[in-house]
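Protein chains in written order, with our numbering: chain U, 4 to 373; chain B, -4 to 95.
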């Protein structure tokens, strides 16, 4: 198991981001701490986003953003427990607590968050100069998607606000904001992002494990960018990428699939999507596109072997919504039963292609479809 | 198993109402408060997807202590509002009676 990389750092304000206490000098609040500001910028350049949890009025967060010159993708200001604030930030960003770090000068706050949220990496400001060199803060690849991550979370906030005030269904909303899901054969230039996605995705990752750049590169080279059609009798492997954009912004490469095209049955060895793309018609579009292509090529069924864990329930929901069913589940072999039902194991989800084909949503485009 | 259909169906109706309220919040659409029990959740009208479905299952676990995904591999319980209410009612009852 690789060390989980921190995706978001949640910062305290008083005596952490600022060299002093905001409310003690509200007329002329203290300046940004120069060391922490440097850390903020360095981590942002690696695709790690920042958030604020502070016992201060909301104006303090706006001031901290202005004083440090950095973007904060979420801010929780109030007098409740910091662990609750951190948990709300994780929920808002739709990421696991194990991918968060929390920085606070107050040992009591650090202890409270450590106790309530054991997966969170808890640090003092003094730790940070050293911590920027730790593997937890050093993603193995930094893709263009990663560098734009802060801006994309800001777009996401604007999109969510627009959706809340939108009257119609989600589908109508997706159409109204010009959603475009573009499916294409993967190319060599996609390899770093494909590897990064495979490491970072958990809610939408059928394999439940990452793939190396080498593995992606060999699959793409073996099939070539145009080899979506299998050779006669051969189990060709197709790697597809899915890109997403709308009028709020361009999310870039947010999903992918690796499909083995066997005679009769096509098997999706890996299906993955960034959780940021959740609720935007991406996984639904990809599943419909794959089913339609497989059916046109004469396959009778599309199957997706899937790791079962308590993190990827969203993927199972998407599969159920698309009409996939698991024939039989195999409990995790040999590992004992302490994990309990649904926390471990694998199942093969299958869609019979004999019936009417799933409709392709209007916002999805890909080779072979109008 | 289904002795005393009266109180059992009253409990199921109360659960169904609670699920309607959860759906209205998860989808942001108040018309969910009026959907019939035989309404398919993955169909056009409700159009449950991975996002709204995750919110729904999370709320059900918090309010009723029932983890639908852990007990139902294919999520068949989500076929209709009625099947989901029945599933939740059964599991919640099994838990409170000590399950044997």
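Virtual Cβ for every residue (Gly too), placed ideally from N, Cα, C.
- The alpha-carbon separation between residue 49 (chain B) and residue 320 (chain U) amounts to approximately 8 Å.
- By the Cβ-count criterion, residue 215 (chain U) is exposed, with fewer than 16 other Cβ atoms from all chains shown falling within 10 Å of its own Cβ.
- Within the same chain, Cβ atoms closer than 7 Å to the Cβ of residue 284 (chain U) are found at 177, 182, 184, 364 and 366, the five residues on either side in sequence being excluded.
- When CB distances to chain B are screened at a threshold of 9 Å, the residues of the stretch 312 to 326 of chain U falling below it are 313, 316, 317, 318, 319, 320, 321, 322, 323, 324, 325 and 326, in chain order.
- Residue 179 (chain U) is outside the set of residues whose beta carbon lies under 8 Å from a beta carbon in chain B.
- Residue-level contact by beta carbon fails for residue 155 (chain U) and chain B, as no gap is shorter than 8 Å.
- Under the 8 Å criterion on CB atoms, residue 16 (chain B) is classed as non-interfacial with respect to chain U.
- Within the stretch 22 to 100 of chain U, complete alpha helix (DSSP H) segments of at least 4 residues are found at 37 to 48, 61 to 71 and 85 to 96, given in chain order.
- Annotated three-state conformation of residue 241 (chain U) is strand, per DSSP.
- Between the alpha carbons of residue 128 (chain U) and residue 155 (chain U) lies a gap of roughly 27 Å.
- The distance from the Cβ of residue 258 (chain U) to that of residue 242 (chain U) is about 12 Å, inconsistent with a contact at the 8 Å cut-off.
- For residue 308 (chain U), no alpha helix (DSSP H) segment is defined; the enclosing uninterrupted segment is the beta strand (DSSP E) at 304 to 310.
- Listed as beta-bridge partners of residue 13 (chain U) by DSSP are U:54 and U:105.
- Below the 8 Å Cβ cutoff, chain B contributes no neighbours of residue 275 (chain U), its closest Cβ being approximately 13 Å away.
- Not flagged as an interface residue toward chain U: residue 4 (chain B), since no C-beta distance is shorter than 8 Å.
- Using a 10 angstroms sphere on the CB of residue 102 (chain U), the tally of other CB atoms reaches 16 or more, which defines it as buried.
- When Cβ-Cβ separations below 8 Å define contact, residue 282 (chain U) makes contact with chain B.
- Partner residues in the beta bridge of residue 208 (chain U), as assigned by DSSP, are U:275.
- Residue burial annotation: residue 295 (chain U) is buried, with at least 16 other C-beta atoms found within 10 angstroms of its C-beta.
- By the criterion of a C-beta distance shorter than 7 Å, residue 219 (chain U) is surrounded in its chain by 194, 197, 198 and 242, once the five residues flanking it on both sides are discounted.
- Among the residues of chain B, none has a CB under 9 Å from the CB of residue 186 (chain U); the nearest is roughly 18 Å distant.
- Under the three-pair Cβ rule at 8 Å, the stretch 101 to 121 of chain U counts as touching the stretch 10 to 26 of chain U.
- Taking C-beta separations shorter than 6 Å and ignoring five residues to either side along the sequence, the partners of residue 70 (chain U) in its chain run 35, following chain order.
- Within chain B, the residues 68 and 69 have their CB atoms less than 9 Å from the CB of residue 329 (chain U), given in chain order.
- About 7 Å separates the beta carbon of residue 92 (chain U) from that of residue 56 (chain U), a gap short enough to meet the 8 Å contact definition.
- In the DSSP assignment, no residue is bridged to residue 285 (chain U).
- Below 8 Å, too few C-beta pairs join the stretch 29 to 45 of chain B and the stretch 291 to 307 of chain U to call them touching: fewer than three.
- Look at residue 167 (chain U): its C-beta is under 8 Å from a C-beta on chain B.
- The beta-carbon of residue 44 (chain B) is placed less than 8 Å from the nearest beta-carbon of chain U.
- Residues of the stretch 18 to 50 of chain B whose Cβ lies closer than 8 Å to any Cβ of chain U, in chain order: 22, 23, 24, 37, 42, 43, 44, 45, 46, 47, 48 and 49.
- Distance from the CA atom of residue 52 (chain U) to the CA atom of residue 150 (chain U), rounded to whole angstroms, is 9 Å.
- Annotation: Cβ neighbours of residue 350 (chain U) in chain B (cutoff 8 Å, chain order): 68.
- For the 8 Å CB-CB criterion, residue 325 (chain U) and residue 351 (chain U) do not form a contact.
- Sequence-distant Cβ neighbours of residue 317 (chain U) in its own chain, meaning closer than 7 Å and more than five residues away, are 206, 207 and 281.
- The residues 71, in chain order, have a CB closer than 6 Å to that of residue 40 (chain U) in the same chain once the five nearest residues on each side in sequence are set aside.
- Counting every other CB atom within 10 Å of its CB across the protein chains shown gives residue 209 (chain U) a total of 16 or more, marking it as buried.
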